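In the numbering used here, the protein residues as written are 21 to 268.
For each residue, glycine too, the CB sits at the ideal point set by N, CA and C.
Bear in mind the structure is a predicted one, so any value in this text is a computation, not a measurement.
Read through the structure below, which is laid out as structure tokens, and then see the notes.
So, in structure tokens, the structure goes:
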């Protein structure tokens, strides 16, 4: 176990943080009547964040990210998620997240942002913090598929009633089911590798959380991928006009 390789004092601190996180999750489960599968999803997130905190360059800062991720996920697992929806020009938060991940990507991986019309005046009705969370999950997933030099393209485009944001990479692609070509997401739903394993399980968690965020906004997340040819994740975020029409 990675924690066993750390100095005693730091290991004790991390173990305490993990116990507190699990206790908090159990409180959330009782308070919000979460299903066992939903709780396992959050616990996988906690385990992953603890591994990141135990190894460079994650550090203890990962514990703060864990707390925010748990809070975001717990909001989405309620029967009726609480969203602080406001008109948001998506170009702003997109630029912030991309700048953050450019620092993580380093020189061997390039992240491009291409805006196809709309500018700051075109807004979607979103919970800004959850939109940022979804974009972080998608960029993190793309970086995990990197093999050597890689380019990630983020595009935003207005369509009637929505804004479409796509994250496309030229990595190794994702596993797909032979029978229908759909992306394999079983690990994200608690049916794949154990919590201590890395790889598809960690990737599935991020995509599952991103999907729940998009769908909580009344949008759609779709994935197209091919082995050796990269992956494109498309998210559709309704505008205020579309939401008003849906409520009428």
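- In its chain, beyond the 5 residues on either side, 229, 230, 233, 234, 255 have a beta carbon closer than 8 Å to the beta carbon of residue 154.
- The alpha-carbon separation between residue 109 and residue 227 amounts to approximately 23 Å.
- Under the three-state reduction of DSSP, residue 246 is assigned to coil, being neither helix nor strand.
- Secondary structure of residue 129 (DSSP, three-state): strand.
- Look at residue 101 here: in three-state DSSP terms it is coil, with no helix or strand label.
- Residue 160 is not a Cβ neighbour of residue 250, given a cutoff of 9 Å.
- Of the other Cβ atoms in all chains shown, fewer than 16 fall within 10 Å of the Cβ of residue 136; this residue is therefore exposed.
- Where residue 189 is concerned, there is no enclosing alpha helix (DSSP H), although the beta strand (DSSP E) around it starts and stops at 182 to 189.
- The closest CA to that of residue 158, considering only 142, 105, 121, 127, is found on 121.
- In the three-state reduction of the DSSP assignment, residue 241 falls in the strand class.
- Linking residue 259 to residue 146 through their CA atoms gives a straight-line distance of about 8 Å.
- Cβ atoms of residue 187 and residue 253 come within 8 Å of each other, at about 5 Å.
- In the three-state DSSP reduction, residue 255 falls in the strand class (E or B).
- The criterion of a C-beta distance shorter than 9 Å is not satisfied by residue 104 and residue 33.
- For the pair residue 182 and residue 236, the CB atoms are not nearer than the 9 Å cut-off.
- The alpha-carbon separation between residue 164 and residue 113 amounts to approximately 22 Å.
- Here residue 247 has 193 as same chain residues with Cβ atoms under 6 Å from its own Cβ, once five neighbours each way along the sequence are excluded.
- The alpha carbon of residue 102 has as its nearest neighbour, out of 156, 245, 150, the alpha carbon of 150.
- Secondary structure note for residue 136: it is in no alpha helix (DSSP H), with a DSSP letter that is neither H nor E.
- Scanning its chain for C-beta atoms nearer than 6 Å, with the 5 sequence neighbours on each side dropped, one finds around residue 172 the residues 131, 162, 189, in chain order.
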